[in-house]
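Line by line, the protein sequences are chains A, B, C and D. For the first sequence, our numbering begins at 39 and goes up steadily by one. For the second sequence, our numbering begins at 39 and goes up steadily by one. For the third sequence, our numbering begins at 39 and goes up steadily by one. For the fourth sequence, our numbering begins at 39 and goes up steadily by one. These notes are about the structure you will find just below.
There are 4 protein chains.
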Amino acid sequence: MKLWGGRFEGTPDELMERFNASIGFDWRLWAADIEGSMAYARALERAELLTAAERDRLIQGLEAVAREFETLVLDDKYRAGEFEIVLSDEDIHTAVERRLGELVGQVAGKLHTGRSRNDQVATDLRLYLMWEIPHLRQRLGELQEAILAKAEQHLDIIMPGYTHLQRAQPVLFSHWLMSYFWMLQRDRERLDDLGKRVAVLPLGAGALAGHSLGIDRQFLADELGFRAVCENSLDAVSDRDFVAECLFWAALLQTHLSRLAEDLILWSSAEFGFVELDDAYATGSSLMPQKKNPDSLELLRGKVGRMVGHLVALLITLKGLPSTYNKDLQEDKEPLFDALDTLKLALPVATGVVRTLEVNAEAMAAALDDAMLSTDLADYLVRRGVPFRQSHELVGRAVRRAEALRLPLRELPLAEFQAISEAFESGLYAVFDHRRSVEARDSYGGTATAAVRQQIERARSVSS
Amino acid sequence: MKLWGGRFEGTPDELMERFNASIGFDWRLWAADIEGSMAYARALERAELLTAAERDRLIQGLEAVAREFETLVLDDKYRAGEFEIVLSDEDIHTAVERRLGELVGQVAGKLHTGRSRNDQVATDLRLYLMWEIPHLRQRLGELQEAILAKAEQHLDIIMPGYTHLQRAQPVLFSHWLMSYFWMLQRDRERLDDLGKRVAVLPLGAGALAGHSLGIDRQFLADELGFRAVCENSLDAVSDRDFVAECLFWAALLQTHLSRLAEDLILWSSAEFGFVELDDAYATGSSLMPQKKNPDSLELLRGKVGRMVGHLVALLITLKGLPSTYNKDLQEDKEPLFDALDTLKLALPVATGVVRTLEVNAEAMAAALDDAMLSTDLADYLVRRGVPFRQSHELVGRAVRRAEALRLPLRELPLAEFQAISEAFESGLYAVFDHRRSVEARDSYGGTATAAVRQQIERARSVSS
Amino acid sequence: MKLWGGRFEGTPDELMERFNASIGFDWRLWAADIEGSMAYARALERAELLTAAERDRLIQGLEAVAREFETLVLDDKYRAGEFEIVLSDEDIHTAVERRLGELVGQVAGKLHTGRSRNDQVATDLRLYLMWEIPHLRQRLGELQEAILAKAEQHLDIIMPGYTHLQRAQPVLFSHWLMSYFWMLQRDRERLDDLGKRVAVLPLGAGALAGHSLGIDRQFLADELGFRAVCENSLDAVSDRDFVAECLFWAALLQTHLSRLAEDLILWSSAEFGFVELDDAYATGSSLMPQKKNPDSLELLRGKVGRMVGHLVALLITLKGLPSTYNKDLQEDKEPLFDALDTLKLALPVATGVVRTLEVNAEAMAAALDDAMLSTDLADYLVRRGVPFRQSHELVGRAVRRAEALRLPLRELPLAEFQAISEAFESGLYAVFDHRRSVEARDSYGGTATAAVRQQIERARSVSS
Amino acid sequence: MKLWGGRFEGTPDELMERFNASIGFDWRLWAADIEGSMAYARALERAELLTAAERDRLIQGLEAVAREFETLVLDDKYRAGEFEIVLSDEDIHTAVERRLGELVGQVAGKLHTGRSRNDQVATDLRLYLMWEIPHLRQRLGELQEAILAKAEQHLDIIMPGYTHLQRAQPVLFSHWLMSYFWMLQRDRERLDDLGKRVAVLPLGAGALAGHSLGIDRQFLADELGFRAVCENSLDAVSDRDFVAECLFWAALLQTHLSRLAEDLILWSSAEFGFVELDDAYATGSSLMPQKKNPDSLELLRGKVGRMVGHLVALLITLKGLPSTYNKDLQEDKEPLFDALDTLKLALPVATGVVRTLEVNAEAMAAALDDAMLSTDLADYLVRRGVPFRQSHELVGRAVRRAEALRLPLRELPLAEFQAISEAFESGLYAVFDHRRSVEARDSYGGTATAAVRQQIERARSVSS
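Here it is as structure tokens:
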């Protein structure tokens, strides 16, 4: 079935039909499409374009189509009983309307009054995303919760903090973990901001110019749970900003997951040995019997590619399009669907990894060396009146001297220290205590246990 | 000068020094860097790490450095009086600290107490962007205002509305123009959302672990105009989400400009002839004397490339980075600076184009054909009780018949219409009135004059 | 079935299993996987790791598996008779090995001797692409042939040439068409260059270090049609340059198609009216009965997004990966498969569009105006001794004067011309002949009929 | 100066002038522009459009302009003596032509006869890249040479080979190093392929249609060192495929550098400790006196972002452009220039890093564990007649058993092995020799010393 045959003589080329059809992926919009049509039938009746009986007949028919789709989707098939989606259906709107006509007869032909696939598909896609957002928010929250629980559980573990992947200063393992909480919290905020902009209704914009039939758009918005109505019909049918924003959101979130993954991949290596993945999130090698590979993490990292790829794809498609609807916009759906599908696996996998992660506190402790306390030693000099820049220089020399003598810094004799500067006195050796170093950094957002505890409390309060 | 010499024996390779240095672009942060340092000096004094006299001496020194930078930047040079930025300065923080030392002596060495370039550069960049946002908002607003003014001025002009670049339905020129207002309004909202996330203070996070010196981060935030303090020091020094979000914002805004540009490029062609660019926004050909080319618009369109390129660049840089600061993050600045520079030209150029655009109402009127009223004809049948889907089919046939007879639709004889369907009667010819068609689409967001007038009012209320 | 169970106690998390499995898309490699395994069985026998009987049994088993896959793929199902692909198969190598074991028993366990999925998947993917390249080359050639045929057929049609979408100089329609031939010819050359780099054999690299079993890699290369053997086993298992290069090739080719599409979309508009798409490549509107939309072309344009997106995705995935195989590399396949699928529809659709395109010579002729001959007029002055830069200026003034008087340039009186410069004489009017202008541009690669004829001949000679 | 004033009344808006001008970056084309113009003057004389005296005057003038540019560029200024580049010059062609006019008078106005900036800029850019390619090839070769030298020097060092960053099998350090040689070799091949496609001459295509003046394009090609002449004038002025291909080439090369960087960053960590960067390629911390950071490597990794960003930027700019020249194409230069600049630092920095790298053979040896020999143990069983798949399973169980007993695999008693399978006999312990494992992998491309030696020889032969 085609919704537009009258003006045409020829029939589509078969490859063209395949090239053109979106039914292969937009069948996912079936529930949104049907929900939108039910609301539209009610609006048509209010505008006296349908009788109450016609409206009811349409709505019952749509409910029947919905039941068929449920079966069909559950079975992962293109056929449910008598109903089969076929390529010539072109898109989900055609498939639903065609099937509705088979079930309820000619009255089905009234449903499209004043409506175009242009405003319809924009409405379907927004509705679909409106329904997805709470699920995504939920899964984000579960990952945050796993982080919080793990951070609370391991509040006593000290590990090396790194910059440039070089040991820098000792930090709490929980402090490291919490750094991911806040990245995800920004993702939640961005998702909320996005949510506002998704819930704006295009329906009633017609093909591009609005409609002339007295259909109440605010009623439609209320029925379907939209926050507002698109202000301009030309913009309404071609605005895909909300998809672009969602893809950016997804890409940045995946980037955060990739950083978490990178840390844990490194730490799972024999050389670090700080953590061990649960068997449930690792796989083996077909050749090397001893291998336990962090595949879950590598995929969390590698999938940044597809996420950014999707974002780029849509922005390219939008670039330089003439205003209103152009067929190019059909390319909006596959990236969105794949991005959401990916996250709906990636987030729970990340959650599972964190929840089941085994933390090797001994290996972390063993990796704490004296040089990591150099800043503490410089602070010691600062407290003794040496300007910081000079303290930094003096401690740098001490580090170099200790390396030359192949000694840990704390074993460098006082005489050596004092040869560098007389500001060093025997009290300096008190600095060599990693726990003390951690606890000293008690500023807001710092790594001291008390500061991290407060951080966790704040996290609980913002994420609940 | 290096801020980190003590531990090193060798000196950097010269090419490495050039590869490594950011001073060639991060000099732009000078004002933010100095402002941040002045606040930091005050905080150090409050923490009793400086005396009041030392603080004042530092602040006066910083003010002097600021004056030198002003001169130097105005003259587009790397030298101002005695002060010259040199490659060995490595970055803006080093340049400022080095110069400060030259001016105020050893006390300059106290300024970096408890501070790292890691928290400092993150603070500088956020402050820089906080200062830029109002300017960007302003220029966006000016473009919106130019659109509003033009829309009000030309409220009487009817033109063909297009979908798929095929004539679709008549619309008001002002309705078309207003569609861009709303795209830009979403850009304004996204900029506001971004603003919230930029104004969060990293300073006090130290290199990664926080600090131990009793410096009051909330005081620093208040001094510098930040809304909040970063919650986690590890995250604080490596969070570049705000840059990514800004680059996405810029890319999507540029995409909107590219669509406006595409419409106007098409309409400036001889074949459309709907608009003419002012000479101030066009250029000629070095070979063809007759040419007047819409270069301004072509650049507005073409620059989507660099904007999306910048966004992709940053996301790639962030992908898979181990947590906290890594030198890769230095790649955050050039894309941001270029994106802002581009917009600060692109927005006023777009504003100028719109303001000075000559609109050719006659050419627009001449392009209105009868077939564009087919939907109105179908609506006519709907009002006579024919279901829409059938009306659509019947009108499609009439269009095909008129094409076959090489007649405009309104000249197709009634007998021909009735041969297609008896639902057609002589009253159908009243449909062939483009003004009537426009005015009929009076739904919320539609193209009728009254609806567009209300749209303009709502636009004024949200953008003021 | 897992190929790596021995070392593991736990079982994979179910979501992890879905996240991890590639069988949902890498089933496409079945023929390559089986072909590779048959060659490998022969190599194992030559290395005396199999008896001849074992080899034959394996090969017969693999042939049986291949027949099952053929049925299964033809029916677009995951089941063929007793054989069903299941999620726990993880990937195509596992599925084939598992099924082989079911058919031939324990000897199947010998096939993987010295082989890893790391070298196996790299081999499969290269083989797959080696088999696809001739098909792609063929379809590219068909599009070129359609262009050539159309160019020869319409060699007499003159149309406006544009720069900046402004009328510039008259050109032959065939000259325009041939410009796309050469873009595609570069795509063919790049495809040939790519082909060389694809046909290099990874098999025998083992997991990363090579093998110790005396298997002859050159024999394997010969059996499978590879041109050479990878020189370094570590590189062999993680080199995806050939995929990146293929995705770049596809993205640039699609960009060429997008430019062709853009031209034809513009020319299909009522305002240009230069061409009309065959009904087979257009679609209608669900709301507006008169519409005939160039959907085929819009999709050719819009699909640049996905193609560049795929390229970006892979480059991101590769960025910063530690050497040898990492699971991230699994992300290489979906972009490649989708890029090839897209082209296998896009190229024939473009071919069909060109073949069936109706060209409206009258509309093209009607769009030729006098100002397009300004360069010819400047050349006239050059031949009369006026330096070009000055001629350009003088003709520019004449154009401006004619516009002011609202006259076509050829109707500007001689007195007006001479008021601008005395170099103008009555002979100037001979310039106003578009055919003459076209034929004058007879340089190599120019638009004169003779030059285009030669161009077509060269095209035939390089593309055959 | 404008090259196109005659037809215009108004003057450009000042911001528009800045938005439009390319002189801020295309000044780099000065030498190519002047070289092209000298050849063009010779061609004009051959076509009798210039006298020999005029040609000589033009060429002398162009030589003088070239000398001024040399000074100006050396001093990194926009002024040399009397000559100053100004914004109103718009682009390099205008600047050169303007200055030429100042030096030689009105004859300068003859140089542009039959030429357009459209064919001129395409020629300049190709010539520029043709001159750059040998330099890039040279620097690539130097990095390959550094790798070869280092590989030969350290042929005796065994290290752990990794997959998934988990220890996999022992390999030679030189084998690892050589894997990068081959990636770079593919980059060299791709650069050669690109070179063929760059050296095709657009000059003589005019603005779009060719020229009518008898200028010999083959002569121009020969003069300027081009391999061939563009076949179609419309294509000639808008073909930027060679830029896209160059940017892809650069992006993939940078990706290779990023993988090298990632390996070395990991190995420079305290936990691996396999290598130490020379001080010349490391930097310190402004806060932490002990730090030695691998900034050079982090930048090599991070700069993939900008390289892929540039590629994406150009592809987006090209997408959907109408044929022939559009101003959007001006966006081609900045990405190209920056990509080449970046590589001209990145390649020598990478070379320096490799050349000066300190390799810690002891740390590498210490990281070799018994489990890495599991595949050898499975091969041992294979040689004893156990099918590989079963051997793999049995060894996996042994690894698990050894882990449970907290024993290195070689200390697992024979009884334990035999409890798993009777195929294990006391000879199995001979497997536990990393050197033997390495030397056993003597297949083509494998890690055995002899195989690596041959690999190095082949590398020398292809890269010389």
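Note that CB positions come from ideal geometry on N, CA and C, so glycine has one too.
With a minimum length of 4 residues, the unbroken runs of alpha helix (DSSP H) contained wholly in the stretch 427 to 489 of chain A fall at 452 to 458 and 472 to 478. The C-beta distance from leucine 165 of chain C to glycine 74 of chain C rounds to 6 Å, short enough to meet the 8 Å contact threshold. The Cβ-Cβ distance between proline 327 of chain D and serine 412 of chain A falls below 7 Å. Around the beta carbon of aspartate 260 of chain C, fewer than 16 other beta carbons sit within 10 angstroms, so the residue counts as exposed. In the DSSP assignment, the residues bridged to leucine 239 of chain C are C:Val267.
For valine 397 of chain D, DSSP records a beta bridge to D:Val313. Within chain C, Tyr200, Leu203, Arg297, Glu300, Asp301 and Leu304 have C-beta atoms less than 8 Å from the C-beta of proline 360 of chain D, given in sequence order. Spatial neighbours of valine 236 of chain A in its own chain (CB-CB distance under 8 Å, excluding positions within 5 residues in sequence) are listed in chain order as Arg164, Leu167, Met168, Ile171, Phe280 and Cys284. Burial of glycine 434 of chain D is indicated by the presence of at least 16 other C-beta atoms within 10 angstroms of its C-beta.
Taking 7 Å as the threshold, the shortest C-beta distance from asparagine 58 of chain B to chain D falls below it.
Boundaries of the beta strand (DSSP E) harbouring proline 198 of chain C: 196 to 201, taken from the DSSP string. Considered as a whole, the stretch 281 to 351 of chain D harbours no complete run of any beta strand (DSSP E) with no fewer than 3 residues.
Taking 7 Å as the CB threshold, asparagine 364 of chain D lines the interface with chain C.
Contact check for alanine 388 of chain A against leucine 181 of chain A passes: the beta carbons are separated by less than 7 Å. Per DSSP, the continuous beta strand (DSSP E) segment holding leucine 210 of chain D begins and ends at 204 to 210.
Between glutamate 183 of chain B and the set B:His249, B:Phe46, B:Gly390 and B:Leu193, the nearest pair of CA atoms involves B:Gly390. When Cβ pairs closer than 8 Å are counted between the two stretches, the stretch 196 to 213 of chain B is seen not to touch the stretch 339 to 351 of chain A, the count staying below three.
The continuous alpha helix (DSSP H) containing isoleucine 185 of chain D extends over residues 155 to 191.
For alanine 318 of chain C, the closest Cβ of chain A is nearer than 7 Å. Comparing C-alpha distances from alanine 320 of chain D to each of D:Ser459, D:Gly311, D:Pro425 and D:Asp333 shows the shortest one belongs to D:Asp333. Short of 8 Å from the beta carbon of arginine 265 of chain D, and not among the five residues preceding or following it, lie these beta carbons of its own chain, in chain order: Lys234, Ala237, Val238 and Ala259. At least one CB of chain A lies nearer than 7 Å to the CB of threonine 355 of chain C.
The alpha-carbon of serine 217 of chain C is positioned some 5 Å away from that of aspartate 273 of chain D. Of all C-beta pairs linking the stretch 302 to 321 of chain C to the stretch 304 to 313 of chain B, three or more are shorter than 8 Å, placing the two stretches in contact. Residue B:Gln144 holds the alpha-carbon nearest to the alpha-carbon of valine 424 of chain A among B:Gln144, B:Asp127, B:Asp94 and B:Trp65. Within the stretch 266 to 278 of chain A, Val267, Cys268, Glu269, Asn270, Ser271, Leu272, Asp273, Ala274, Val275, Ser276 and Asp277 place their CB atoms closer than 9 Å to a CB of chain B, listed in sequence order. Interface annotation, phenylalanine 121 of chain D: not in contact with chain B, CB-CB separation never under 7 Å. Residues Gly242 and Ser271 of the same chain have their beta carbon placed closer than 8 Å to that of glycine 248 of chain C, with the five preceding and five following residues left out of the count. Between aspartate 254 of chain D and arginine 84 of chain D a beta carbon distance of about 6 Å is seen, short of the 8 Å cut, so the two are scored as contacting. Cα atoms of glycine 465 of chain A and proline 208 of chain A: separation of roughly 21 Å, rounded to the nearest angstrom. For histidine 131 of chain A, the enclosing alpha helix (DSSP H) has its first and last residue at 130 to 142. Ranked by how close their Cα comes to the Cα of tyrosine 78 of chain D, the residues D:Lys40, D:Ser126 and D:Leu251 have D:Leu251 in first place. Taking 7 Å as the cut-off, the Cβ atoms of serine 361 of chain B and serine 324 of chain D do not count as close.
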